[in-house]
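The structure under discussion appears below in the form of structure tokens.
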Amino acid sequence: MYKNILVPVDVYETSLADKALQHAQFLAQSASGRIHLLHVIPRFSPELTRGFISDARKMDEYMMNNSKEKLAELVKKINLLPDEVHLHIRSGNIRDEVIKLADELSADVILVGSRNPNIQTHLLGSEAASIVRYAHVPVFVVR
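If you're matching positions, the sequence shown starts at 1 in UniProt numbering and goes up one per residue.
Laid out in structure tokens, this is it:
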């Protein structure tokens, strides 16, 4: 049923992704599906980088390469063939990039790891809540 599974991952806080990855692995194996891991790098504001464009490019390049390495480490934890796991790195707003990639991939489901909520976000973390609210496909929140 869920053959095309999108899992947004914060490579700097992989503990949130561990349970979501376990669920994604279960769904993918039971339906011969593919897992798409996505890490979103926040965009630097022009005000912060004004006068430091070459440094900003170096920082962006570093962040992309570091993210690729960390996603590759996560793939080693998943017991799937390498061609069944696809890595995606984007920069921008997390919610927007997750929803955009889900649409591009025609994802069947989005699996999101969530931290413990606070009173402002009620039952979900803020990013997970935002993805649930705006996604065009089912979203599973795993805690």
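Every residue, glycine too, gets a C-beta built ideally from N, C-alpha and C.
Remember, predicted model here, so these are calculated numbers, not experimental data.
What are the boundary residues of the beta strand (DSSP E) that includes residue i?
i	result
Arg90	85-91
Leu37	34-41
Leu6	4-8
Which value, in whole angstroms, describes the spacing of the CA atoms of residue i and residue j?
i	j	result
Val98	Ser30	24 Å
His23	Leu74	14 Å
His39	Ser32	23 Å
Lys100	Met1	21 Å
Does DSSP put residue i in a helix, in a strand, or in coil?
i	result
Ala135	coil
Asn66	helix
Leu80	coil
Val11	coil
What residue range is occupied by the uninterrupted alpha helix (DSSP H) comprising residue i?
i	result
Leu16	15-31
Arg95	94-105
Which same chain residues end up closer than 7 Å to residue i when comparing Cβ atoms and leaving out the 5 residues on each side of it in sequence?
i	result
Asp103	His136
Val11	His39, Ser67, Lys70, Leu71
When you measure from the CB of residue i to every non-hydrogen atom of the ligand COA, does any distance come out below 7 Å?
i	result
Ala28	Among the components modelled here there is no ligand, and therefore nothing to report on the ligand COA.
Please go through the same chain and pick out, in chain order, the residues whose beta-carbon is closer than 8 Å to the beta-carbon of residue i, but skip the five residues on each side of it.
i	result
Arg34	Lys3, Asn4, Ile5, Ala28, Glu84, Val85, His86
**Report entry** Three-pair Cβ contact test at 8 Å for the region 64-81 versus the region 125-138
**Finding:** no
Query raised in the report: Would you call the region 56-70 and the region 85-94 in contact, with 3 or more CB pairs under 8 Å?
Result: yes
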